[in-house]
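Chains as they are written, first to last, in this note's numbering: chain A, 3 to 516; chain B, 401 to 663; chain C, 495 to 1166.
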Amino acid sequence: MSDPREAARDASLSALGTRPPFYRDATVVRWIAQVGTLILVLAAMWFLATEAGDSLRARGANIDFDFISDYIGIQVGSGIDTNPDSGGRALWVGMVNTIRMAAAGIALASVIGVLVGLARLSSNWPLRRLAGVYVEALRNIPLLVQILVYAAVLATLPNVSFGMGPISGWIHVSNKGLSIPRVFVADGFYQWAVIMLIGAVVARITYRRLAEQREQTGAQTNAGAWATGIVAVFAIVGWWVHPIFGWLGSPLGSLADGVGAIPQGVVQLIAALAALAVAVWWIRRFLAQHRTPAGLTRLTDDDWFRMIFAVVAAAIVVLFVTVLWPGLSSWVVNSSSDGLGVLADKFGNGRTGPPIDAMRPDIVQPGNFANYGPAGLNLSIGFAAVYFGVVFYTAAFIAEIVRGGILAVPKGQSEAAQAVGLRRSTALRRVILPQALRVILPPVGNQYLNLTKNTSLAIAVGYSDLVQIGQTVYNQTGKTLQVMAVWMLFYLACSLTISAVVNFFNIRMRIVER
Amino acid sequence: MSTQPAHGDATIAVSDELAARDDMIVCREVDKWFGDFQALSGISATIKEQEIVVVLGPSGSGKSTWIRCINRLEAHQSGQIIVDGIELTNDLRNIEKIRSEVGMVFQQFNLFPHLTVLDNITLAPIWVRKKSRPEAEELAESLLERVGIPEQAQKFPGQLSGGQQQRVAIARALAMEPRVMLFDEPTSALDPEMIKEVLDVMEELARSGMTMMVVTHEMGFAREVADRIIFMEEGEIVEVGTPHHFFTEPAEERTKLFLSQVL
Amino acid sequence: MTDPMLPPASTAMGAEPVIPAASPPDRPSLPPGRWIRENLFPNTRNSILTIFAILIALFAYRGLLNFMFSEERSWIAVRTNLRLMFTQAYPEHQYIRVWVTVGTIMVLAGVSAGIWARWGGVTVKRLMGWLMSGGVLTAAGVLVREPSVLTDAAGESVRDDAGELVRESFAAAMADRWVWWAIAIALLALGLVLWTSLDDLRRRTIEIPVAWLIFGLPALLVASTWVVRYGHYGFTEGEFIAEPGQLVAMTTRVPWTFMWLILVASFALGRAARDRAIASAQAAEETPNGGPSDEGADDDAVPELPRGALARTRTSVNLLWVLSPFFLYWVVMRDPEIDYAHVFSTMLPMGLAFGAAGAAVLWLLTRSDAGEVGRLAAIGLLLLAAFHWVAAYFGWYSMLQVARIAFLLLAVAGLLAPNFAGVAAQRRRLVGAWLFMVLIAFYGATVINSPSTVETPTDMFIGGFSVTLLVSVLTIMLSFPIGVLLALARTSRQPIFRVLSTIYIEVIRGVPLITLLLFFSGVLPLFLPDGMELAELAAAILGYTLFSAAYLAENVRGGLQSIRRGQYEAADAVGLTTTQRTGFIVLPQSLRVSIPPLVGQVIATFKETSLLAIIGLFDFLRMANSVIPNQSQFLGVRRENLLFVSVVYWVVAFAMSKYSQRLEQRVGLGQR
Ligand SMILES: Nc1ncnc2c1ncn2[C@@H]1O[C@H](COP(=O)(O)OP(=O)(O)O)[C@@H](O)[C@H]1O
Ligand SMILES: [Mg+2]
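Structural data, given as structure tokens:
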């Protein structure tokens, strides 16, 4: 009985059923560490934010978003509007340019990437090597260097002159870039868009009906054709009748006024209630998961901490919107009112023109040198350099992903396809690719994201994407932080959109698989 | 010797000699939920020092869950588990103690693939028991001797057969000099010819006086080695008894059904 | 790296797909004619594809050659500014420091290669293939390149009436290029001679050690600088040097010859150490204690370094690699003028005090009975350390920065103390580590705070490729621990850690790098309190580090997810603490799985440093892309520089990616 183990044993036996002190309780210690870290992070952010606020105030700059609606007098090199009437408009031009570049880039990069990826697996030796050289050369040189090389090479194209080609009056190529016919959103577009929306709803309902009918009767109902046809009819008829929706302007305008008139307190209340509602919903769901059939809910300490933390987090949010940053709610109110106002302006009885219009490019000579006129869609050398840069660079990565995905399909699959007599190309299209796609899609989605983010390198060659315009805007107005917030939100939104689309297809493919 | 009623406390000793020994593992009304699924309900049992208990039961009956609760790989939600006088609670100190009192052997061996056999065994003695390296290596070598593979010390787990890996796993657990050993289906992932080498090691261990709790489907082992057999189903203890009683005159219908299927 | 059992490599996000290394079937090689027929023109479809591919290749090749050999090119500009592009305006008389830096790297690289590299050999067949394709490429180049422009007596290009350049005839061009023809024919002939003089089996089995090629080719290059008159060009302190037909400058020839010697010598050193280790391990194996090793006949020509052999040497080489960037940056590049009065009056006593007091505290904290009291004390230390920083922020009281850092280090060591508690040996290890950290911290602080004696014409004392390299290396080294911590937090079971880390990673990965860099170079000063400044380069490195950490975290997470639950449970069951479990079981396994994506991330970081050019730092790209003052004759010479820069970037990145592929294959081989 002199064994120390025995002594310890007797000591702990006497402590049976009691709670350990908090500093020895695993759950409590873990939560202290977590909450401590959280407080540390929040405090650091708080310190930095107040410091930034002080510095800005010392420089006479306020954290407001007025520049979005104020005239700031900047010129944009290219885009839907080269003389934007406000900072917000300028940033919008940049966003459109970025989206345009990203969308066009994704399309071309996918095509080139898949082709090169397939070529890398070709049985033909020169083709395989050529594709290999392409991939190894492009993905090992920094994208920025490539963009600068393209820009430098394109700068050696001839100057602008009248009657230049390749197809004068339609396509012009020079060291000022490319000029092609411009298709643009005109007067009646938003009214027409409403009609298209209605058309889409009608088409969807029809499609559902017909599809159901086919399932029940087995008759061929051509649901897809009908739906397309309906949308087409709405589009064509709407082209002329869209002014009938001109009246939408005034209700939207009054809605804007109404939103603008909402008192700040109400918004704060709504936000606070929303935060609380989320917390309550989360806790209810949590409890429901822990309800045993006997109706008895067993919760560990950890569970209790989680629920308490949810409540505390909600309380902090409430405190934040009501006390710490009351300006937020009025800002939300004002900007949504402004947004609705802008939308209201897009409607009106005066707007009777076609929804979409087009113009051919022209060449003008204001001074000594000829230049592209404003009529055409002018894509600068900068655009071309960035575009080729991101497309060729991303395509190299996509090619590697495609190659890996195809190699990941078990060899037995292609053998089986050959065994049932499919030709090589059919086997690839019908058997290999559908399976490879599941491996390929997620990393390719990542590449699409990278491409979108990489378009921001346009700043190096002076193409007016969001980052470049944003930099001009904050150099002009000093609203650096605000512009950076806009950047962040925009790129995060792009990331989320692309992830959502990729996920959608991923899930669909999984369902198809079953 | 007496048969026990199926319900109530399964701790009532099977023999007077056993009853006189100290308690090693005490479970009182242990409940365990996974979300809204109850994996253990009202488990009560006492395992005595140097006792060999075999737990039987159909798949999904909660055997692994119970055994994992005993060294706190899972936390039970209500009831008490007391191992060698230490109650399993959230107390960091107790968890530390329990882990070095209780050795565990897994169905899938779970050896550390990036360490040699020797390092697998000496890691915990050095870093938890705070032994010096030569001391730990000496212990490891004697343990490898004991489980019959002294020559494999420098190899990696991936280079060993399943039976050898499981014996290394036993040596690794023994290196902590535990008071109790838990085995969760130690032979289920093995080819038949390797099962015996592992069972031999376990038998030797049992003879040396180790307290053991073994989940297994090896009925031969249960019959030969066990002091007691606990039969579980759907998270409850259905029947407890000596091997003789259990295999010849089980009291419960469910036990009979189970035995008719496995024997 | 060659553990026999590794968890399957995960196809983690961003990871390049693992492609099984197919070993070529061992069949006799075909004669060139048949090879061409079977591989290039086996049937109509393939013939068309072949011709199509060859046409595209020739077209691209022709464009490149025409660009490079065009009369308008001014490659002299690249040669003149070579030094500028690598070290910017580093003062001439201090250049020895640059060479010391390069030499240090050579020593480390040589020793590491000697110890670790398992270069096999190149078969004669492959060598022959290289020679022949070199010959074919050269010949093709001579044929497709456009004829040169005619020049008149004054050296001006001749233009016709329409102003177009007049080129010589095709026949004349072919005749002019006799040197190239000679090279092409020589290469082809050498290949053919090799082909005919050996039979097929020998062609495939005789191997030339790769080491010969790796050291031999640079040797040829270095030796040739002593003989061949490459010409001597330079631009130092505003002066042009242009001496065509001269030998390369002494200041280039001599150091590079030295560098080569150093490299070879340290390689030999490393190899010798390694051979000794292998020999002694084999001797030990032959002693009849173990059973027959069933590894089988390893047909790999190069023996593998036995596990655990040279452990100390390997650890020290690794440590030197990790420390060398800081050492080279501070001491060699800055040459601090240390104020010894300050060192003896302040730094030394303070360092000793910290060392001694910290050691005593840690010795107490690692007592086996310290228990929770020890933990609470460590947390108290952490709070104290954190408070010093808060106080510094608000300026409540002053304290030397190095003291604050030392407090923080002590708190971290204190938190780790329970893992080392109990045994004297482990306690001593912790205390030793603490003393080492104190030494580094105080030494570093002294060096940083001392003024530099290197006087440079511009305020940036280095630029060009050295900045590129510096930023890449520091970014990778600093972001690695942050990335690992983020990955651990993101896979943690603690909800707040997980959410915080996820938000950080996703936000950083969602925005383009350039916006982050603009933030750190432009906006960060706003966030800092008065009197606190951050050098431009430091701000950039901070931006890169935080960016890269998010991506690294995702790569590491891929590895973490490949660890099976059983590993965690086994570690728990034997009683390891969470820290021990992470350090001994989880990270070693998961990092090994993540090696390929991690190397990918290293390459990406290296390429991304080119963005420094946008935020106005003189990195490699910016140096090449900008007009250098006083160089009016090179105005508009940008494409040459850009091509040169691309080639340098390409060589480095390609070498790294090849290396990672080899690693990947070896990891794969280990799997069996
Ligand atoms: N981590 C877990 N989460 C949810 N359910 C679990 C978990 N572990 C086990 N279970 C469930 O608990 C029951 C008992 O499992 P287990 O103890 O593994 O059974 P046995 O070992 O007897 O086959 C099973 O129904 C199983 O599905
Ligand atoms: Mg089980």
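All C-beta atoms in this analysis are idealised placements derived from N, C-alpha and C, irrespective of residue type, glycine included.
Item, Value
"Inter-stretch contact (C-beta, 8 angstroms, three-pair minimum) for the stretch 262-273 of chain A and the stretch 378-388 of chain A", "no"
"DSSP three-state assignment for residue 433/B, whether helix, strand or coil", "strand"
"Any non-hydrogen atom of ligand 2 closer than 7 angstroms to residue 432/B Cβ", "no"
"Three-state secondary structure assigned by DSSP to residue 1109/C", "coil"
"Rounded distance between the beta-carbons of residue 471/A and residue 95/A, thought under 8 angstroms", "6 angstroms"
"Any C-beta of chain C under 8 angstroms from that of residue 516/A", "Note that residue 516/A scores 41 on pLDDT, short of 50, meaning its location in the model is unreliable; the coordinates nonetheless yield the value given after this. Output row for residue 516/A: interface = no."
"Residues near residue 485/C in its chain [Cβ-Cβ closer than 7 angstroms; skip 5 each side]", "The structure shown does not extend to residue 485/C, since chain C is modelled only from 495 through 1166, so no value can be given for it."
"Residue 703/C - DSSP class collapsed to helix/strand/coil", "strand"
"Through-space distance from residue 587/B to residue 22/A, alpha-carbon basis", "38 angstroms"
"Proximal residues to residue 1131/C (C-beta, below 7 angstroms), its chain only, five neighbours per side dropped", "568 and 571"
"Cβ pair count under 8 angstroms reaching 3, the stretch 444-456 of chain B against the stretch 606-618 of chain B", "yes"
"Span of the alpha helix (DSSP H) around residue 456/B", "Unbroken run through residue 456/B is the beta strand (DSSP E), 452-456; no alpha helix (DSSP H)."
"Buried versus exposed call for residue 484/B [16 or more other C-beta atoms within 10 Å across all chains shown]", "buried"
"Residues, ordered as in the chain, of the stretch 1065-1083 of chain C that lie near chain B by beta-carbon distance below 9 angstroms", "1065, 1066, 1067, 1068, 1069, 1070, 1071, 1074, 1078, 1079, 1082 and 1083"
"DSSP beta-bridge partners of residue 730/C", "733/C"
"Between the CA atoms of residue 204/A and residue 212/A - distance to the nearest angstrom", "12 angstroms"
"Length-filtered (3 minimum) beta strand (DSSP E) runs lying within the stretch 8-94 of chain A", "none"
"Beta-carbon neighbours of residue 293/A, restricted to chain B and to distances below 8 angstroms", "436"
"Residue 1066/C, DSSP secondary structure in three states", "helix"
"Residue 448/B - DSSP class collapsed to helix/strand/coil", "strand"
"Endpoints, the alpha helix (DSSP H) within which residue 882/C is located", "865-888"
"Cβ contact check for the stretch 476-495 of chain A and the stretch 394-405 of chain A: 3 or more pairs under 8 angstroms", "no"
"Residues of the stretch 1028-1058 of chain C whose Cβ lies closer than 7 angstroms to any Cβ of chain B, in chain order", "none"
"Limits of the beta strand (DSSP E) - the one that residue 641/B falls within", "636-641"
"Cβ distance (whole Å) where residue 848/C is taken to contact residue 880/C below 8 angstroms", "That pair is no contact at about 18 angstroms."
"heavy atom of ligand 2 below 7 angstroms from residue 474/B C-beta", "no"
"Minimum Cβ-Cβ distance from residue 640/C to chain A less than 8 angstroms", "no"
"Collapsed DSSP secondary structure at residue 534/B in the structure displayed", "helix"
"For residue 645/B, the three-state DSSP class (helix, strand or coil)", "helix"
"Any non-hydrogen atom of ligand 2 within 7 angstroms of residue 585/B CB", "yes"
"Heavy atom of ligand 1 within 7 angstroms of residue 461/B beta-carbon", "yes"
"Spatial distance of residue 406/B from residue 310/A (CA atoms)", "Since pLDDT at residue 406/B reaches only 41, below the 50 mark, its modelled position is unreliable, and the value read off the structure follows with that caveat. Approximately 42 angstroms, taken between the alpha carbons."
"Cβ-heavy atom distance, residue 69/A to ligand 1, below 7 angstroms", "no"
"Residue 464/B beta carbon near ligand 2 (any heavy atom closer than 7 angstroms)", "yes"
"Short-range partners of chain A found in the stretch 483-497 of chain B, where Cβ spacing is below 9 angstroms", "484, 485, 486, 487, 489, 490, 491, 492, 493, 494, 495 and 497"
"According to DSSP, residues forming a beta bridge with residue 487/B", "482/B"
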